[in-house]
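Reviewing the structure listed below.
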Amino acid sequence: DKYYVKQFEDDTNLCCQLFLDTSASMDFGSGEANKFKYGRVLAAVLAYLMTRQHDAPGLVLFGEETRRALPAQASRHHADEIFQVLARTQSGGHTLIGQDLFQIVETFSRRGLVVVISDFFAAGDLGHELLKQLHAQRQEVIVFHVLAPEELSLPYAGQLLMQDSETGDELPVHPDVDRAEYQRRLTEFCDQLKAQCVRLEIDYVPLRTDQPLDQALIAYLEKRNAI
Numbered sequence: 239d240k241y242y243v244k245q246f247e248d249d250t251n252l253c254c255q256l257f258l259d260t261s262a263s264m265d266f267g268s269g270e271a272n273k274f275k276y277g278r279v280l281a282a283v284l285a286y287l288m289t290r291q292h293d294a295p296g297l298v299l300f301g302e303e304t305r306r307a308l309p310a311q312a313s314r315h316h317a318d319e320i321f322q323v324l325a326r327t328q329s330g331g332h333t334l335i336g337q338d339l340f341q342i343v344e345t346f347s348r349r350g351l352v353v354v355i356s357d358f359f360a361a362g363d364l365g366h367e368l369l370k371q372l373h374a375q376r377q378e379v380i381v382f383h384v385l386a387p388e389e390l391s392l393p394y395a396g397q398l399l400m401q402d403s404e405t406g407d408e409l410p411v412h413p414d415v416d417r418a419e420y421q422r423r424l425t426e427f428c429d430q431l432k433a434q435c436v437r438l439e440i441d442y443v444p445l446r447t448d449q450p451l452d453q454a455l456i457a458y459l460e461k462r463n464a465i
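Counted the way this note's numbering counts, the sequence shown spans residues 239 to 465.
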C-alpha cells in the first residue's frame, strides 16, 4: 500500500556499427589532413555520441583483412574500449571487400544504423557491393566519403612519378597537363558513388579532411533522429 520510485537503466535504443576503412589508400594527406587520422577521430567521436545516447556502438575494421574489432554494446565504458582499439589500429594493405566482410554484415539480424567511413578506392564495384549488402540486411546507412584536399585539387607542378600505395604501380603524371582530366574522372567517381547511395536510400556525405567534423556530426545526428 505504498508508492515506490524505481530507477533503472533502459535498454539500448539502437544498434550502431562503425565501419572504418584501414587500407593503405587511407594513409594519404599531409599533417592533420591525413585521411586515416581523420577517419579514426570521426569514428571515436561517433562512438562517444552513441554511448551518450544509450545506443550500442560496434566497430568493424576492413582493409587488407576484415575483423569485427568490437561487438555492439551499450556499456557506459564501451566507448573507451573503442578508443583503445582505434589508437592501436594502423592503415596498410589493399582494400579487400569480400566474403569475410559480407559474413559480418549477414549477422546484423535486427534493424540498426551503419556508418561507413572510407575513401571507397576499391577495385571494381566492391564498395558498391558492400552498400547493397547493408541495404539488403535492412540497415539504415550513412556513408562518409573521406578525401584529402590534395586528391581534390591535385596541387602539384612539374613531371611526377606517382605510386599506388596499395598495388605499388607507378604512373608518370604531369599535373599541369593532366589536372582537368583527373578532376573530371574524380568528379565522375564521386557522382557514381552518390548515385548508388541515392538508389539504395543511403545518406551520402562527402568530407574534406581539412575541414572540421561539424558537417559529419550534424549529418549523423539528423540521421539518428530520423530513425
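Note that CB positions come from ideal geometry on N, CA and C, so glycine has one too. None of these values were measured; they are calculated from a predicted model.
Can you list, in chain order, the residues of its chain with a C-beta nearer than 8 Å to that of residue 443? Leave out the 5 residues immediately preceding and following it. 380, 381, 382, 383, 453, 454, 457
Proximal residues to residue 342 (C-beta, below 8 Å), its chain only, five neighbours per side dropped: 298, 304, 306
Proximity to residue 271 [Cα-Cα], best of 464, 451, 461: 451
Close Cβ partners of residue 370 (< 8 Å) along its chain, the five nearest in sequence each way excluded: 438
Distance between residue 314 and residue 292 (C-alpha atoms, nearest Å): 8 Å
Let's see if you can read the secondary structure: which residues bound the alpha helix (DSSP H) around residue 340? 337-344
What are the boundary residues of the alpha helix (DSSP H) that residue 456 is part of? 452-464
Please classify residue 302: does DSSP put it in a helix, a strand, or coil? coil
Reference residue 447; option with closest CA among 389, 353, 363: 389
Between the alpha carbons of residue 334 and residue 245, how many angstroms are there, rounded? 47 Å
DSSP state of residue 440 mapped onto helix, strand, coil: coil
DSSP has residue 365 in a bridge; who is on the other side? None; residue 365 has no bridge partner.
Backbone secondary structure at residue 422 - three-state DSSP: helix
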